Amino acid sequence: MNKHVLIALMLLLCSCVQMQSSSTKVAVAPTLFERIGGLPVLNIVVSETIDQSVNDPKIKRSFDGIKLSTLKQSVVDQLCVLTGGSCVYEGETMQNSHRDLKITTAEFELFVEAFRTSLNKHVGEREKNELLKILAPMKRDIVTN
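Under mature numbering (1 follows the signal peptide of the UniProt record, and there is no 0), residues -20 to -1, 1 to 125 are what the sequence shown spells out, in order.
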């Protein structure tokens, strides 16, 4: 067999294999982060939740002395990570950051209600439930009574 014909056949075979592999790409399901709407929606939900909470006389004391812009960014980063986004969370653990705040079950539930209210406005039911399921175990690290 001619050397040029052999090279041509090899190139043809390689291009067929390449075409085969590129046409059989597996569809990857979107992450919860993507289905929620990414950072734009997380920013809105977190901002609304914290704004509502700091204006609620029953729980606003938990936010005394806290720089709200830093808190909001930290919560967004954590939610981003927990839902499969590519953010980096560099904050404290939930237990460490809430240890001295003495947050009661009632205060926690009011905050969760504010969070649900915002989620209801901006996120689908399925995504809301998935996110709440991810966050539910944090209660034991936040509530101290």
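Using N, Cα and C, we set each Cβ at its ideal position, and we do this for glycine too.
From a predicted model like this one, the values you see are computed outputs, not experimental measurements.
Excluding residues up to 5 positions away in sequence, Phe13, Leu19, Leu22 and Cys67 lie with their Cβ nearer than 7 angstroms to the Cβ of Cys60 in the same chain. Distance from the CA atom of Ala116 to the CA atom of Glu87, rounded to whole angstroms, is 15 angstroms. Among the bridge pairs identified by DSSP, Val123 is matched with Ile83. Gly71 and Ser27 have their C-alpha atoms roughly 17 angstroms apart. When only Cα atoms are considered, Ile39 and Val8 end up about 41 angstroms apart. Going by beta carbons, Val123 and Thr73 fall outside the 8 angstroms limit. Residues of the same chain with a CB within less than 8 angstroms of the CB of Lys108, apart from the 5 flanking positions on each side, are Arg96, Leu99 and Asn100 in chain order.
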